[in-house]
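Asks: Okay, here's the structure, questions in a sec.
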Amino acid sequence: MIKFLDLQKVTAKYADEIHEAVNRVVDSGWYLQGKENEKFEADYSAYIGTKYTVGCANGLDALIWIFRAYVEMGVMKPGDEVIVPANTYIASILAISENGLIPVLVEPNIETYQIDDSKIEKAITERTKAILIVHLYGQCAYTDKIGELCKKYNLKLVEDNAQAHGCMFKGRKTGSLGDAAGHSFYPGKNLGAFGDAGAVTTNDEELAHIVRSIANYGSTRKYVFKYLGRNSRLDEIQAAILDVKLKHLDEDITIRKKNAKYYIDNITNPAIITPIVKDWDAHVFHIFTIRCKRRNELQNYLTEHNIQTIIHYPIPPHKQECYKELNTLSFPITEQIHNEELSIPMSPVMTEEELKTVVKTLNEFL
Ligand SMILES: *Cc1c(COP(=O)(O)O)cnc(C)c1O
């Protein structure tokens, strides 16, 4: 069986370093808000290119705390609107609605699957306060036009960088392109912890400070509570593991890109559409997406041939029961992507043999 992602093998690659880091934390007797968080936050800031990193419990919380901080700062208030791509993981939308803000969905581009920047301006109203871009599948969603729109309409630019650690736009990393970014270190992400973990990156000192408070019961000093906070901290053990994996992230991304290039060059079946990559720096291939009109048939065929695949995602957010108010909206491009998308095995630990088998099997699909 060719796994979609063999996490055991990913971990085995750095097992010695990880065991050492875990043992260090276990033996230290200090498990929260300590040196490991400090070190990882400093290293991650240096990697992304922001002044601040604030660790928190998971990627969804990271995004929620960014908007929550803007509400606390008086930049936004419940009822204000945030523009977000219609094709994203539910977490991006939840982070908006969780704060009483209104998600305004915008169609993606069918070639890149990223928010279509030519459709954003029409969606801007007097109540629009931010654009949340999502670097979906590991590809940069930022464009100069999006930056210009944010300036022109005085909008905050927030990045959902859950799938794109290490991705670049003109020499800068995603996660440093806007006003603030939410990162997920869910185990399956390119930079994955051994459980849930996340972070906010920003150059905004006030925002970093508020996010840190909110994620720690709303306290500014021990037992002094300024905000109605939550407990959403990053464990020391996860920070230590992430710091090890961060050192190897770029080499892992290089392998992902090599695998992606092999797929793109060798998948020749006309029934299958592979990603169009114009800038190889701007894609870290968290997910390798193909599209096929007979997607479900193709997925069954691959399963029969022992190749594990996943659909990202089978139902778009606006068709989900939890967003009844969005159910009547129509986003044909989003719906097409959701009907045709299939994610094939992609990781830094795939063998040449496995890559060959996936390609051959795909090319033999009739
Ligand atoms: C994974 C993911 C999140 C949420 O991260 P968690 O750590 O699982 O909470 C948010 N947005 C996108 C696009 C994701 O892929």
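Last residue of the sequence shown? That's 365 in numbering that gives the first Met the number 0, and every number before it is there in order.
Glycine residues also receive a C-beta, built at the ideal position from the N, C-alpha and C atoms.
1. Please report the straight-line C-alpha distance between Glu407 and Thr52, rounded to a whole angstrom.
2. Exposed or buried, Lys225, counting other C-beta atoms within 10 Å across all chains shown (16 or more means buried)?
3. Determine contact between the region 58-65 and the region 179-187, defined as no fewer than three beta-carbon pairs at a distance below 8 Å.
4. In three-state DSSP terms, what is Ala198?
5. Three Cβ pairs or more, each shorter than 8 Å: is that satisfied between the region 54-63 and the region 212-231?
6. Is any heavy atom in ligand 1 found nearer than 7 Å to the beta carbon of Ser183?
7. Measure the CB-CB distance between Cys291 and Ala259 and report whether it falls below 8 Å.
8. Please give me, in chain order, every unbroken run of the alpha helix (DSSP H) with length at least 4 that falls completely inside the region 124-184.
9. Per DSSP, which residues does Pro316 bridge with? Please list them.
10. From Ser175 to Glu303, what does the alpha carbon distance come to, in whole angstroms?
11. Taking 8 Å as the cut-off, decide whether the C-beta atoms of Leu131 and Gln113 are in contact.
12. If you compare alpha carbons, which of Tyr300, Ile95, Ile89 is closest to Lys76?
13. Please determine if the region 343-356 and the region 285-299 are in contact, where contact requires at least 3 C-beta pairs separated by less than 8 Å.
14. Have a look at Tyr312 and Glu158 and give me their C-alpha separation to the nearest angstrom.
15. Whole alpha helix (DSSP H) runs in the region 73-102 with 4 or more residues, listed along the chain?
16. Does the region 85-92 come close enough to the region 104-124 to have 3 or more Cβ pairs within less than 8 Å?
17. Drop a sphere of 10 angstroms on the beta-carbon of Cys321, count the other beta-carbons inside from all chains shown, and report buried for 16 or more, exposed for fewer.
18. Decide if Val210 is buried, meaning its Cβ has at least 16 other Cβ atoms within 10 Å, or exposed.
19. Could you tell me whether any non-hydrogen atom of ligand 1 is closer than 7 Å to the CB of Thr111?
20. Is it true that the CB of Lys128 sits closer than 8 Å to the CB of Asp195?
21. Taking DSSP as the reference, what is the three-state secondary structure of Leu341?
22. Just to confirm the assignment, what range does the alpha helix (DSSP H) spanning Gly58 have?
23. Output yes or no for whether 8 Å exceeds the beta carbon distance between Thr49 and Ile275.
24. What residues in its chain sit with their C-beta under 7 Å from that of Thr360, if we drop five residues either side in the sequence?
25. Got a sec: does ligand 1 put a non-hydrogen atom nearer than 7 Å to the Cβ of Gln138?
26. Alpha carbon to alpha carbon, how far is Ser329 from Asp46? Give it in angstroms, no decimals.
27. I'd like to check one pair, Pro316 with Ile405: are the Cβ atoms closer than 8 Å?
28. Could you give the DSSP three-state label for Arg220: helix, strand or coil?
29. For Ile314 and His282, which I take to be in contact (beta-carbon distance under 8 Å), what is that distance rounded to the nearest angstrom?
30. What did DSSP end up calling Arg369 once you bin it into helix, strand or coil?
31. Does the beta carbon of Gly58 fall short of 7 Å from some heavy atom of ligand 1?
32. Looking at the secondary structure, which residues open and close the beta strand (DSSP E) in which Val53 lies?
33. Less than 8 Å between C-beta atoms, sequence neighbours within five positions excluded: which residues of the same chain meet that for Val21?
34. Measure from the alpha carbon of Gly265 to the alpha carbon of each residue in Leu354, Thr200, Ile109, then state which is nearest.
35. DSSP three-state label for Ser213, please.
36. Per the DSSP calculation, Phe287 is bridged to which residue(s)?
Replies: Taking the definition as stated:
1. Only positions 0 to 365 of the chain appear in the structure, and residue 407 is not among them; the question remains open.
2. That one is exposed.
3. Three or more beta-carbon pairs drawn from the region 58-65 and the region 179-187 are found closer than 8 Å, and the two stretches are therefore classed as touching.
4. Taken through DSSP and simplified to helix, strand or coil, Ala198 comes out as strand.
5. yes
6. yes
7. no
8. 143-151
9. Per DSSP, none; premise fails for Pro316.
10. 43 Å
11. no
12. Ile95
13. yes
14. 20 Å
15. List check, alpha helix (DSSP H) in window: 89-96.
16. As far as the Cβ criterion goes, the region 85-92 touches the region 104-124, which means the pair count is three or higher.
17. By the neighbour-count rule (16 or more Cβ atoms within 10 Å), Cys321 is not buried but exposed.
18. buried
19. No, ligand 1 has no heavy atom inside 7 Å of this Cβ.
20. no
21. strand
22. 58-71
23. no
24. Hits under 7 Å: Leu301, His304, Ile306.
25. no
26. It should be pointed out that residue 46 corresponds to Tyr in this sequence rather than to Asp. Distance between the alpha carbons of Tyr46 and Ser329 is about 39 Å.
27. As displayed, the chain neither begins before 0 nor continues past 365, which places residue 405 out of reach and without an answer.
28. strand
29. With 8 Å as the limit, Ile314 and His282 do not qualify as a contact, their Cβ atoms being about 25 Å apart.
30. With the chain covering 0 to 365 only, the question about residue 369 has no answer from this structure.
31. yes
32. 51-55
33. Ile236, Ala239, Ile240
34. Residue identity differs from the one stated: residue 265 is Asn in this sequence, not Gly. Per the Cα distances, Leu354.
35. Going by the sequence as given, residue 213 is Ile instead of Ser. The answer is helix: DSSP assigns Ile213 an H, G or I state.
36. Ile343
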